[in-house]
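Right, one structure below, let's go through it.
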Amino acid sequence: MDDFDPTLADPPATERPSDPRDPFLTALGERVRSLRARRGLTRKALSQHSQVSERHLANLELGVGNASVLVLRQVCRALDCPLPELLGDETSSSPEWALIRDLLRGRSEDELRRGRMALTDLYGQSGAPDARAQRIALIGLRGAGKSTLGRLLAESLDAPFVELNTEIERVGGCSLPEIHNLLGSAAYRRYERRALEETIQLYPDAVIATPGGVVSDPANFNLLLGHCVTVWLKATPEEHMARVMAQGDLRPMAGNREAMDDLKHILAERTPFYSQADLQLETGGKPLEQAFAELRRLVEPMHRAAQGMH
3 MDDFDPTLAD PPATERPSDP RDPFLTALGE RVRSLRARRG LTRKALSQHS QVSERHLANL
63 ELGVGNASVL VLRQVCRALD CPLPELLGDE TSSSPEWALI RDLLRGRSED ELRRGRMALT
123 DLYGQSGAPD ARAQRIALIG LRGAGKSTLG RLLAESLDAP FVELNTEIER VGGCSLPEIH
183 NLLGSAAYRR YERRALEETI QLYPDAVIAT PGGVVSDPAN FNLLLGHCVT VWLKATPEEH
243 MARVMAQGDL RPMAGNREAM DDLKHILAER TPFYSQADLQ LETGGKPLEQ AFAELRRLVE
303 PMHRAAQGMH
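Residues 3 to 312 in my numbering are what the sequence shown spells out, letter by letter.
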């Protein structure tokens, strides 16, 4: 395998198609060839391991083979690499990324959490523990009670209340629907980031009601986790839907017979992220007074202790 293998070298110019190739397919082919070289495999050996024909692999490496996902999966298995690496994921961009990824592979959720917190501290992405405890951020799906309970909690703690959606609209200069419909999700996430950064900078002591989708952006969620004590307000999908509609917003049901299925799917996908919160509070089936009393008992001692340290 250490001898020179002509199939690992760049293809001769005569093999290259005269027409411009798609940049994505070209880059994909180069990554396949690079990974194959790193593993010391000939194209024939890769063909045998992946059960993909040599001609198909040659076209793939030249950037002219529009391979199916199943074929790419077979190639990944043969190269012992994850599919994102083949597609150009950021974690494939350097040897250090590859080594870090290998250290994390197979770790439990608790081990990964400790690793994330250590990296957050190492790179200065988190505030001091006492400063962090002075900001209480409520997370969860729409209809969880973040705004209602947040205002009550802020009053009880004698702290400012911040509705992050309002701050996003201020930063963006228009309403949330306009941001989403006219500017797109990328712009929304930028405004969300700026609003969160400004809130952290301006309010050393606050109760923050966050948008339900704040967990969808890793950078923004990392920022929130690093500078606030987070509380996940939990409820069933049926309760989320009923609360939103009780507020007079019938849009969740308008023209969408599968709204409840969609809501359940969203909650299921976000639950692993919501679960990263420092604290959790089940609000389902509880009157407002009971949910608020439990929330206050959950965070007030920690908040008061942090204030006493300043």
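For each residue, glycine too, the CB sits at the ideal point set by N, CA and C.
Annotated three-state conformation of T44 is coil, per DSSP. Bridge pairing for E284: K236 [DSSP]. The C-beta separation of A156 from V233 comes to about 13 Å, leaving the pair out of contact by the 8 Å criterion. Beta-bridge partners of L140 (DSSP): A211 and V233. Note on K46: under 16 other CB atoms within 10 angstroms of its CB, so exposed under the neighbour-count rule. If you look at V164, you'll find it in the beta strand (DSSP E) that goes F163 to E165. Your pair E241 and N222 does not check out as a contact, with CB atoms roughly 26 Å apart and the cut at 8 Å. Fewer than three pairs of CB atoms, one per stretch, sit closer than 8 Å, so the stretch 283 to 294 makes no contact with the stretch 120 to 133. When C-beta atoms of the stretch 169 to 182 are compared with those of the stretch 109 to 125, fewer than three pairs fall below 8 Å, so the two segments do not count as touching.
C-alpha of A120 to C-alpha of L88: approximately 29 Å in a straight line. In terms of Cβ geometry, L225 and L198 form a close pair [threshold 7 Å]. If you draw a straight line from the Cα of E63 to the Cα of D104, it is about 25 Å long. Secondary structure note for Y190: its alpha helix (DSSP H) is the uninterrupted segment S187 to L204. Every beta strand (DSSP E) stretch that sits fully inside the stretch 63 to 141 and reaches 3 residues is listed by chain position as 137 to 141. R144 is a Cβ neighbour of V246, given a cutoff of 7 Å.
When the Cα atoms are used, V54 and D82 turn out to be separated by approximately 15 Å. When rounded, the separation of the alpha-carbon atoms in N167 and L297 is 22 Å. The C-beta of P97 has fewer than 16 other C-beta atoms within 10 Å across all chains shown, which makes the residue exposed.
Across the structure, R191 and G214 are spaced so that their CA atoms are roughly 13 Å apart. With respect to the C-alpha of T212, the residue from V71, L114 and G147 having the closest C-alpha is G147.
Counting only residues of its own chain and dropping the five nearest sequence neighbours on each side, R299 has no CB closer than 7 Å to any other CB. If you draw a 10 Å sphere on the C-beta of T273, you find fewer than 16 other C-beta atoms in it, and that means exposed. Residue environment for G152: buried (at least 16 other C-beta atoms within 10 angstroms of its C-beta).
For the 7 Å CB-CB criterion, S52 and Q76 form a contact. For the pair T122 and N183, the Cα-to-Cα distance works out to about 34 Å.
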